[in-house]
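**Student:** In the working numbering, the protein residues as written are -10 to 282.
Below is one structure. I have some questions about it.
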Amino acid sequence: MILAQTQAHPATGTGTGAVGAAVAAAVVSAAVAYLAAAARLRRRGDAWPRLRDASFTAGSTILVLAMTAPLPGGPFTVHVARHLLTAMAAPLLLALARPLTLTLRALPPGPARRGLLAVAHSRPAAWLLTPPLAAVLDLGGLWLLHRTPLLAAAHHQPVLGAAVHAHVLAAGLLFTSAVCQLDPVRRRWSAAWRGTTLLAAGWAHTVLAGMFYAAPPPGTSFTAADLHTAARLMYYGGDLVEAALAAVLATQWYTATGRVHRRHRLARPAARERRSQPGKALDRALGVSLRQR
-10 MILAQTQAHP ATGTGTGAVG AAVAAAVVSA AVAYLAAAAR LRRRGDAWPR LRDASFTAGS
50 TILVLAMTAP LPGGPFTVHV ARHLLTAMAA PLLLALARPL TLTLRALPPG PARRGLLAVA
110 HSRPAAWLLT PPLAAVLDLG GLWLLHRTPL LAAAHHQPVL GAAVHAHVLA AGLLFTSAVC
170 QLDPVRRRWS AAWRGTTLLA AGWAHTVLAG MFYAAPPPGT SFTAADLHTA ARLMYYGGDL
230 VEAALAAVLA TQWYTATGRV HRRHRLARPA ARERRSQPGK ALDRALGVSL RQR
């Protein structure tokens, strides 16, 4: 993903080298494992929506393309495109597929399943999935990458570049999981709290995109046209993914509200019945008393 140059030149459309190839191989392996686990569930008679299979496959495909395929545009535009695909679009599709839920259901009862569930419900996992903290790790890293010499340094130092790759993908997955909260978690935050975090993250993303009009990342010399195209791509592409995240939140809120209303509707007749019981008991008692007379 790191395509920063100290001197601007036309993008060659190359991928990300050995790191990208390794990540792509791992992603393909994960996709095969996911589809195999889903097939195993269906063979034993359990339901697992095929739409989730499609979502995980699409997310995996996007990651592989972002890591290995040539993309059109100037060097910084290509860099931003890879960022949008790796840190935003792919994590959303992967989160919608609920991979942790699938793994827990596919694993047989035993130490592996209990251990995975213990990790998912652990305090460190709960802290990392706190929406504001996940947003800081994601957006904070993005600002650090683009408003310090880190982007230029990562281009010249393979180890640093690999670390940046890992952080971008991990932070994107973490933030998306914290906002969506579709898999088992220790604590489920309210839709309002997650929505507020999403709005703040979107604002930070928009401000960063606007700053590319003023100056390139330190240590780089991309052309103005390349910077402006990348800024527009980050602005509108980020808005699109954030709108999709907002739609997931809205759907969760609507579904949860509907469940609450249904419970209340079912509870009202039972409550009225309970309230009427004392009167009926008194009527029965009076009837017996009158007959005895």
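No residue lacks a Cβ here, since even glycine has one placed at the ideal position from N, Cα and C.
Bear in mind that the values here come from a model prediction, so they are computed numbers and not experimental data.
(1) Out of curiosity, what's the CA-to-CA distance linking TRP132 and PRO205?
(2) Using the beta-carbon count (16 or more within 10 Å), is PRO61 buried or exposed?
(3) In terms of residues, what are the limits of the alpha helix (DSSP H) holding SER111?
(4) Would you kindly report the start and end of the unbroken alpha helix (DSSP H) that includes ASP35?
(5) What are the boundary residues of the alpha helix (DSSP H) that THR185 is part of?
(6) Considering only residues of the same chain and omitting the five flanking positions on each side of ALA10, which have a CB-CB separation below 7 angstroms?
(7) Give the straight-line distance between the Cα atoms of VAL230 and GLY191, rounded to the nearest whole angstrom.
(8) Hey, how far is the Cα of TRP116 from the Cα of LEU216?
(9) Would you kindly report the start and end of the unbroken alpha helix (DSSP H) that includes ASP127?
(10) With 16 other CB atoms within 10 Å as the buried threshold, where does GLY34 fall?
(11) Spatial neighbours of VAL8 within its chain, please: CB distance less than 6 angstroms, with the 5 preceding and 5 following residues excluded, ordered by chain position.
(12) Quick check on the burial criterion: 16 or more other C-beta atoms within 10 angstroms. Buried or exposed for GLY63?
(13) Kindly indicate which three-state DSSP category ALA159 falls into: helix, strand or coil?
(14) Can you give me the C-alpha to C-alpha distance between ALA124 and SER166, rounded to a whole angstrom?
(15) Where does the unbroken alpha helix (DSSP H) through VAL174 begin, and where does it stop?
(16) Looking only at its own chain, which residues have a Cβ that is under 7 angstroms from the Cβ of TRP242, when we skip the five neighbours before and after it?
(17) How far does the alpha helix (DSSP H) with LEU60 in it reach, from first residue to last?
(18) Can you tell me whether ALA239 is buried or exposed? The criterion is at least 16 other CB atoms within 10 Å of its CB, across all chains shown.
(19) If distances are taken between C-alpha atoms only, which option among GLY227, ALA13 and PHE65 comes closest to GLY161?
(20) For the alpha helix (DSSP H) that contains ARG94, what are its first and last residues?
(21) Taking C-alpha atoms, which residue in VAL53, PRO138 and ALA27 lies nearest to ALA15?
(22) Could you tell me how far apart the beta carbons of LEU149 and ALA142 are, in whole angstroms, since I believe they sit closer than 8 angstroms?
(23) If you run the structure through DSSP and keep just helix, strand and coil, what is THR209?
(24) So, is VAL67 buried or exposed, given that buried needs 16 or more other C-beta atoms within 10 angstroms?
(25) Here's the rule: buried if 16 or more other CB atoms are within 10 angstroms of the residue's CB, otherwise exposed. What is TYR202?
(26) So PRO120 and TRP182 are in contact, right, with Cβ under 8 angstroms, and what is the actual spacing, rounded?
**Tutor:** Here's the rundown:
(1) 12 angstroms
(2) exposed
(3) Segment: none, SER111 is in no alpha helix (DSSP H) and carries neither H nor E.
(4) Careful: ASP35 lies outside any alpha helix (DSSP H) and carries neither H nor E.
(5) 180 to 200
(6) THR57
(7) 10 angstroms
(8) 36 angstroms
(9) 120 to 136
(10) exposed
(11) ALA151 and HIS154
(12) buried
(13) helix
(14) 11 angstroms
(15) Premise fails: VAL174 is in no alpha helix (DSSP H) and is neither H nor E.
(16) ALA180
(17) No alpha helix (DSSP H) contains LEU60, which DSSP labels as neither H nor E.
(18) exposed
(19) GLY227
(20) 88 to 95
(21) VAL53
(22) 6 angstroms
(23) coil
(24) buried
(25) exposed
(26) 6 angstroms
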